[in-house]
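Step one of this worksheet: look at the structure below.
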Amino acid sequence: MGKVTYSPGIEYVNGSLAKPKKENGHSHGDYLIGTHRTAATQNPNCTRLYIRKAGTYDRATEPSARELEVRARFTAVAGMVKARAKDLSKMAADQEAFNAQKDTAGGKTTMRAYLWKVCGQEYDAQG
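With this note's numbering applied, the sequence shown corresponds to residues 12 to 138, in that order.
In structure tokens form, the structure reads like this:
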């Protein structure tokens, strides 16, 4: 097993260190991924380095119709949430409604989650 040692001052790396570069329709290089184990263990070597081929994360199939619908809903609701969070005419009413439901069973505990719920219901009612 290889042991990974980074430059002084860098304890560990979590995530991608290098990604393939696409040029003229094909990839140059591979993925270089560093991980750091956080689970309790007796082994002092908790850093790993992995190399994955350039096409490893390419999608093998086209998105289904259902997936495209879900993506469209997510995009639309995200826009609605962003606009509603900035809408001063609805802010006071939303805050009151949020506070009334947050301590109930199944209530949303953050304002953003509450707005996602409300805007999602509005979107679903339109369709």
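Where a beta carbon is used, it is the ideal one built from N, C-alpha and C, also for glycine.
Note that this is a predicted model, so its numbers are computed, not measured.
- Under the 10 Å beta carbon count, leucine 126 is surrounded by 16 or more other beta carbons and is classified as buried.
- Distance from valine 15 to threonine 58 at the Cβ level is roughly 5 Å; contact confirmed, criterion being Cβ atoms closer than 8 Å.
- Taking C-beta atoms as the reference points, methionine 122 and aspartate 98 fail to come closer than 9 Å.
- The alpha-carbon of lysine 101 is positioned some 42 Å away from that of threonine 72.
- Taking 3 residues as the minimum length, the beta strand (DSSP E) runs contained wholly in the stretch 27-107 are 32-34, 37-39, 42-47, 58-63, in order along the chain.
- Counting along the chain, aspartate 114 sits inside no alpha helix (DSSP H), nor does DSSP assign it H or E at all.
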